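Here is the structure we will look at.
Chains as they are written, first to last, in the working numbering: chain A, 312 to 682; chain B, 316 to 413.
This is the structure:
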């Protein structure tokens, strides 16, 4: 029977949670890199033993780790994330120009086909690629040097490139999202980029139709419908069916359309999951009830999933990279909280159980199905 | 032989325990010691000095002989007792936070 490995990044280290395909009994391993912030740990679809870790901290900066044996051993690889060419400026919070300054890697996205090729999304926003297993990194400059780049401003969490989707069907197509610049698409493997924010409405910026400036929190795609994307924006849940040419709101009857993560069921392209959060000034669930909401209609109609989740006095948050789905049947759903719990459902979200309850604040969750 | 003390996180990263002993060519300055350290342990590149600017990271401090050398020029020779191997060059993470 196949197995499952959940990769968890936290404020104070990385953890791996493993189980067989029944997903009933779990083994917790870690912390790896104890004391460091692990913004993301992700595995290669082409080789599940190949893992990449973004390890960072205020004292010692950015480190990238790689494992070739599923997390048993680790090797420190390259961390030279340079802005190529003239660095230039973006806008600071107060509206003044500020030179791009590298702070950390938020997200690592390995190639579908090649374990040695991996993309990295950085703060201040830039997209890097390595084709040698993380030893060296090259900036894909067309994104940061887009004509709108000098007008990008950071969100509260920084000017971070936090979402990277490598289109599994249209080779060379890449989607990224940046807080608070918006979503962008490349159709030429990252050489040039197009803002794809038409239809987003953001009350936080004066021009509702602005080409950029939208605080996109997360984008998700089902591989069978590559032109359909689902977005959790700062406020609003959105979808596009034309690869971002236009978006429409599908928040429907959610109790709050603010939130961070969004995920698509592995086998049902119209089944999506979000975790509503009360507001941007109160980063906790409405009414103190931790509820995942599921739509089986691609949005608009939503149902709360509560079985096994705390329904009183719960004031945790779920960060943008902290929800993932496995490809087993039934589909498994996983998410981690700022309270250190990692919950999972082995039945499409109908019921939930904690795998662990007391980790450091969870920053990211990914899941691998093992042969 | 120059003795270097690393903070715990960087010892883990470099897979060393205790002091690191380095053969450093003259003139033995802060820069020369760090260059030699990074050449021997490349996984430390970027963790002590910024990758791009080459400057000391904000929350890293350099001590030796009961003195804070953090703001000294990186090209100033280190104290004689460090050069003689009688005292270590100490790299540490600043106390920061609550």
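Here a beta-carbon is modelled for each residue, glycine too, at the ideal position from N, C-alpha and C. Quick caveat, the model's predicted, so the values are computed rather than measured.
Neighbour flag for residue i against chain A, beta carbons, 8 Å
| i | result |
| --- | --- |
| residue 362/B | yes |
| residue 374/B | yes |
| residue 345/B | no |
| residue 328/B | yes |
| residue 352/B | no |
| residue 408/B | yes |
| residue 340/B | no |
| residue 355/B | no |
| residue 384/B | no |
| residue 371/B | no |
Chain B within 8 Å of residue i, Cβ atoms only
| i | result |
| --- | --- |
| residue 403/A | no |
| residue 370/A | yes |
| residue 456/A | no |
| residue 431/A | no |
| residue 446/A | no |
| residue 452/A | no |
| residue 382/A | no |
| residue 672/A | no |
| residue 390/A | yes |
| residue 317/A | no |
| residue 346/A | yes |
Backbone secondary structure at residue i - three-state DSSP
| i | result |
| --- | --- |
| residue 627/A | coil |
| residue 410/B | coil |
| residue 500/A | coil |
| residue 668/A | coil |
| residue 473/A | strand |
| residue 589/A | coil |
| residue 418/A | strand |
| residue 609/A | coil |
| residue 455/A | helix |
| residue 598/A | helix |
| residue 355/A | coil |
| residue 445/A | coil |
| residue 537/A | coil |
| residue 461/A | helix |
| residue 316/B | coil |
| residue 337/B | strand |
Enclosing alpha helix (DSSP H) for residue i [first to last residue]
| i | result |
| --- | --- |
| residue 684/A | Absent from the model: residue 684/A. The displayed extent of chain A is 312 to 682, so no value can be given. |
| residue 349/B | 345-355 |
| residue 397/B | 395-398 |
| residue 396/A | No alpha helix (DSSP H) contains residue 396/A, which DSSP labels as neither H nor E. |
| residue 553/A | Premise fails: residue 553/A is in no alpha helix (DSSP H) and is neither H nor E. |
| residue 329/B | 323-329 |
Buried/exposed call for residue i, threshold 16 Cβ in 10 Å
| i | result |
| --- | --- |
| residue 420/A | buried |
| residue 640/A | exposed |
| residue 373/B | exposed |
| residue 316/B | exposed |
| residue 307/A | Only positions 312 to 682 of chain A appear in the structure, and residue 307/A is not among them; the question remains open. |
| residue 480/A | exposed |
| residue 544/A | buried |
| residue 290/A | Because chain A in this structure spans residues 312 to 682, residue 290/A falls outside the shown range and cannot be described. |
| residue 473/A | buried |
| residue 365/A | buried |
| residue 608/A | exposed |
| residue 333/A | exposed |
| residue 307/A | Residue 307/A lies beyond the range of chain A shown here (312 to 682); nothing can be said about it. |
| residue 364/B | buried |
| residue 643/A | buried |
| residue 396/B | exposed |
| residue 323/A | buried |
| residue 448/A | buried |
Unbroken beta strand (DSSP E) run spanning residue i, endpoints
| i | result |
| --- | --- |
| residue 334/A | First-last for residue 334/A: undefined, no H or E at that position. |
| residue 655/A | 653-656 |
| residue 646/A | 644-647 |
| residue 639/A | First-last for residue 639/A: undefined, no H or E at that position. |
| residue 616/A | 614-616 |
| residue 441/A | 437-441 |
| residue 321/A | 314-321 |
| residue 377/B | 375-379 |
| residue 372/A | 372-378 |
| residue 409/A | 408-410 |
| residue 338/A | 338-343 |
Problem - Contact between the region 381-400 of chain B and the region 386-394 of chain A (3+ Cβ pairs under 8 Å) - result: Short answer: they don't touch.
Problem - Contact the region 397-414 of chain A vs the region 337-345 of chain A: 3+ CB pairs below 8 Å - result: The region 397-414 of chain A vs the region 337-345 of chain A: no contact.
Handout entry: Contact the region 562-575 of chain A vs the region 624-641 of chain A: 3+ CB pairs below 8 Å
Key = A contact exists between the region 562-575 of chain A and the region 624-641 of chain A.
Problem - Touching by the beta-carbon criterion (3+ pairs, under 8 Å), the region 348-355 of chain A and the region 337-348 of chain B - result: No, they do not touch.
Exercise for the section: For the region 554-561 of chain A and the region 530-540 of chain A, state whether three or more C-beta atom pairs, one from each stretch, are separated by less than 8 Å. Expected result: The region 554-561 of chain A vs the region 530-540 of chain A: in contact.
Handout entry: Three-pair Cβ contact test at 8 Å for the region 369-384 of chain A versus the region 597-604 of chain A
Key = Per the Cβ contact rule, the region 369-384 of chain A is not in contact with the region 597-604 of chain A (fewer than 3 Cβ pairs under 8 Å).
Exercise for the section: Give a yes or no on contact between the region 454-463 of chain A and the region 425-445 of chain A, applying the rule of three or more CB pairs nearer than 8 Å. Expected result: Three or more beta-carbon pairs separated by less than 8 Å link the region 454-463 of chain A to the region 425-445 of chain A, which places the two stretches in contact.
Practice task
Assess, as a yes-or-no matter, whether the region 366-378 of chain A is touched by the region 352-363 of chain B under the definition of 3 or more beta carbon pairs within less than 8 Å.
Solution key: Yes: the two stretches touch, three or more of their Cβ pairs being nearer than 8 Å.
Exercise for the section: Determine, using beta-carbon pairs with one atom in the region 609-624 of chain A and one in the region 660-669 of chain A, whether at least three such pairs fall under 8 Å. Expected result: With a cut-off of 8 Å, the region 660-669 of chain A and the region 609-624 of chain A count as touching, because enough Cβ pairs lie within range.
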